[in-house]
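Have a look at the structure below, then the notes.
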Amino acid sequence: MNDVSVVLPVQHTGLGQTLPYARLAAATRTQRLWCGQSFGVETHALFAALAGAGHGLQFGSAVALAPLRHPLAAALAARSVAVLSERPYVAAFGPGATGFQRGVRGAPYRSPLAATREYVTTVRDLLDGKPVTRLDGEFPADGLRLPQFPAPPVHLGLGVLRGRMAELAGESVEWAVTWLTPPEHLSGTVVPRLAAGAARAGRDRPRVATVLQAVVARPGRDVLAAATASCEQHVQAAHYVDMLARSGIHFDEPGSRARAARLVETGVIAAGTPAQIAGRIGDLHRHGADEVVVNVCGTYMTQGPGAAARDLSEILDAHGEA
Numbered sequence: 094m095n096d097v098s099v100v101l102p103v104q105h106t107g108l109g110q111t112l113p114y115a116r117l118a119a120a121t122r123t124q125r126l127w128c129g130q131s132f133g134v135e136t137h138a139l140f141a142a143l144a145g146a147g148h149g150l151q152f153g154s155a156v157a158l159a160p161l162r163h164p165l166a167a168a169l170a171a172r173s174v175a176v177l178s179e180r181p182y183v184a185a186f187g188p189g190a191t192g193f194q195r196g197v198r199g200a201p202y203r204s205p206l207a208a209t210r211e212y213v214t215t216v217r218d219l220l221d222g223k224p225v226t227r228l229d230g231e232f233p234a235d236g237l238r239l240p241q242f243p244a245p246p247v248h249l250g251l252g253v254l255r256g257r258m259a260e261l262a263g264e265s266v267e268w269a270v271t272w273l274t275p276p277e278h279l280s281g282t283v284v285p286r287l288a289a290g291a292a293r294a295g296r297d298r299p300r301v302a303t304v305l306q307a308v309v310a311r312p313g314r315d316v317l318a319a320a321t322a323s324c325e326q327h328v329q330a331a332h333y334v335d336m337l338a339r340s341g342i343h344f345d346e347p348g349s350r351a352r353a354a355r356l357v358e359t360g361v362i363a364a365g366t367p368a369q370i371a372g373r374i375g376d377l378h379r380h381g382a383d384e385v386v387v388n389v390c391g392t393y394m395t396q397g398p399g400a401a402a403r404d405l406s407e408i409l410d411a412h413g414e415a
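Take any residue in the sequence shown, count from 1 to its spot, add 93: that is its number in our numbering.
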């Protein structure tokens with residue numbers, strides 16, 4: 094299914110800031126609003142408030158950082174969003190950068206891949222009402238159990254950049270969430286490795302949600318400044334640089350603006366008219382994305398919330414007309 098949805102463009106500090114994006118998300122076929130890990134208003138609390146505002150949305154985390162919560166707390170928070178929204182919830186997780194792991198836990202995970210496997214397995218077992226006892230590993234549990242009652246389903250996901258995490262997602266969760274992903278990396282690495290992991294585990298391949306940074310080109314707008322704002326941290330992170338290099342996108346210069354220019358040049362960041370951006374959404378769908386999540390954070394950070402909401406509205410309209 095070639096779906097499109099919306100991600101909140103920044104870490105919001107109040108409910109009112111989110112409402113234009115909630116309304117735009119409600120107009121899409123998926124009616125799904127995503128949010129990354131927020132250190133403003135916390136992600137799950139924000140979803141609960143939006144559910145109470147009556148928008149009738151589905152929600153998804155893209156992604157919640159595992160070091161912040163024990164799996165029991167993660168399962169409880171995810172199910173709470175599903176219950177309060179009265180809709181299925183996509184709870185996607187990631188281990189975070191090594192420095193973040195150290196800052197929260199005092200030491201990084203011995204193996205981020207093994208820790209992630211343990212985390213999502215424990216969350217799923219708890220959501221399914223199974224007692225969990227694991228006294229070794231990164232997330233000890235001794236006889237934990239989540240009380241059961243009727244609730245909409247929680248679909249688990251993982252943030253996926255490279256092949257090994259894609260295989261783990263294929264083995265263990267229902268969604269893979271990608272950021273800054275070239276279409277060829279989706280079709281050449283992510284989707285095949287998801288399928289391989291799923292086949293090994295005897296389960297269906299996870300759906301793929303790909304977050305697409307997008308900037309509408311307008312007279313007087315510095316598109317490259319907006320593109321840089323949208324990816325500044327990503328293009329300096331070793332795991333993103335490695336993923337992009339594996340896709341044939343290499344950076345000749347160290348600066349974030351030069352690297353953002355390379356991503357605009359290669360189409361990883363979609364910049365242009367709304368119709369051109371809609372075409373890029375179609376490219377991602379053709380290469381294996383089940384849902385393209387439009388992110389106008391660069392416009393928000395450089396032009397403000399009104400300009401970002403206008404960009405998003407026009408992109409969604411253009412996609413609907415394509």
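For glycine and all other residues, C-beta sits at the position ideal for the given N, C-alpha and C.
Check D345 in the structure and name its three-state DSSP category.
Within the sequence shown, numbered from 1, the residue matching residue 345 stands at position 252. DSSP places D345 in coil when its eight states are reduced to three.
Kindly indicate the opening and closing residues of the beta strand (DSSP E) around H248.
Start at 1 with the first residue of the sequence shown, and residue 248 comes out as number 155. Residues 247-252.
Inter-residue CB distance, A401 and Y393 (contact presumed, cutoff 8 Å):
Taking the sequence shown and counting its residues from 1, the one referred to as residue 401 is at position 308. Taking the sequence shown and counting its residues from 1, the one referred to as residue 393 is at position 300. Indeed, because the Cβ distance is near 4 Å, the residues count as touching under 8 Å.
Backbone secondary structure at Y54 - three-state DSSP:
Nothing about residue 54 can be read from this structure; the chain reaches only from 94 to 415.
Which of the three DSSP states is assigned to V156 in this structure?
By 1-based counting over the sequence shown, the position of residue 156 is 63. In the structure shown, V156 sits in a strand (DSSP, three-state: E or B).
For L165 and A171, the rounded distance between their alpha carbons
Counted from its first residue, the sequence shown places residue 171 at position 78. Counted from its first residue, the sequence shown places residue 165 at position 72. Their backbone Cα atoms lie some 10 Å apart in a straight line.
Between F186 and the rest of its own chain, which residues show a CB-CB distance below 8 Å, the 5 nearest in sequence each way excluded?
Residue mapping note: residue 186 aligns to position 93 of the sequence shown, counting from 1. Same-chain partners within the cutoff: S154, V156, A157, L158, A159, A167, T209, Y212, V213, V216, L249, G250, L251, G252.
DSSP has T427 in a bridge; who is on the other side?
A query on residue 427 cannot be resolved here, the shown segment of the chain reaching from 94 to 415 and no further.
Please report the Cβ distance between L219 and H332, rounded to the nearest whole angstrom; I am assuming they are in contact, meaning their Cβ atoms lie under 8 Å.
For the purposes of this step, residue 219 is taken as residue 126 along the sequence shown, with counting starting at 1. For the purposes of this step, residue 332 is taken as residue 239 along the sequence shown, with counting starting at 1. Not a contact, Cβ separation roughly 28 Å.
Return the Cβ separation of I83 and R355 in integer angstroms, given the expectation that the two are a contact with Cβ distance under 8 Å.
Residue 83 lies beyond the range of the chain shown here (94 to 415); nothing can be said about it.
Using beta-carbon positions only, say whether V176 and A244 come within less than 7 Å of one another.
Taking the first residue of the sequence shown as position 1, residue 176 is located at position 83. Taking the first residue of the sequence shown as position 1, residue 244 is located at position 151. Yes. Within cutoff.
Does the structure place the segment 315-326 close enough to the segment 258-267 that three or more beta carbon pairs sit under 8 Å?
no
Within a Cβ cutoff of 6 Å, which residues of the same chain sit near L239, ignoring the five residues on either side of it in sequence?
Looking up residue 239 in the sequence shown gives position 146. Answer for L239: A168, L219, listed in chain order.
Classify E231 as buried or exposed, calling it buried when 16 or more other Cβ atoms lie within 10 Å of its own Cβ.
Reading the sequence shown from its first residue, position 138 is the one you call residue 231. Buried: at least 16 other Cβ atoms inside 10 Å.
For V301, tell me which candidate among A319, L279, A292 has the shortest Cα-Cα distance.
Counting from one through the sequence shown, the residue named residue 301 turns up at place 208. From the listed residues A319, L279, A292, the smallest Cα separation to V301 is found for L279.
A119 to G109 span [Cα, whole Å]:
Within the sequence shown, residue 119 is the residue found at index 26, counting from 1. Within the sequence shown, residue 109 is the residue found at index 16, counting from 1. So the alpha carbons of these two residues sit roughly 16 Å apart.
Quick test of your reading: R296 and L287, contact by CB under 8 Å. State the CB separation rounded to the nearest angstrom.
Here residue 296 refers to the residue found at position 203 when the sequence shown is read from its first residue. Here residue 287 refers to the residue found at position 194 when the sequence shown is read from its first residue. No, R296 and L287 are not in contact; Cβ-Cβ is about 11 Å, not under 8 Å.
Let's test the definition: count the other Cβ atoms within 10 Å of the Cβ of R162 and tell me whether it reaches 16, buried, or not, exposed.
Residue 162 sits at position 69 when you count from the first residue of the sequence shown. Flag for R162 reads buried.
Please report the distance separating the alpha-carbon of A364 from that of W127.
Reading the sequence shown from its first residue, position 271 is the one you call residue 364. Reading the sequence shown from its first residue, position 34 is the one you call residue 127. Those two C-alpha atoms are separated by around 21 Å.
Residues in its own chain within less than 6 Å of T274 by CB, not counting five upstream and five downstream?
Within the sequence shown, residue 274 is the residue found at index 181, counting from 1. If you ignore the 5 residues before and after T274, its C-beta comes within less than 6 Å of the C-beta of T303, all in its own chain and listed in chain order.
CA nearest to the CA of V247, picked from V174, H378, P285, D345:
As a working mapping, residue 247 is identified with position 154 in the sequence shown. Selection V174, H378, P285, D345 evaluated against V247 yields V174 as nearest (Cα-Cα).
Nonlocal neighbours in the same chain, by C-beta distance under 8 Å from G236, ignoring five residues either side
Here the question's residue 236 lines up with position 143 in the sequence shown. So the qualifying residues of the chain are P224, V225, T226.
Buried or exposed: which applies to L228, given that a residue is buried once 16 or more other Cβ atoms fall within 10 Å of its Cβ?
Numbered from its first residue, the sequence shown carries residue 228 at position 135. Burial call: exposed.
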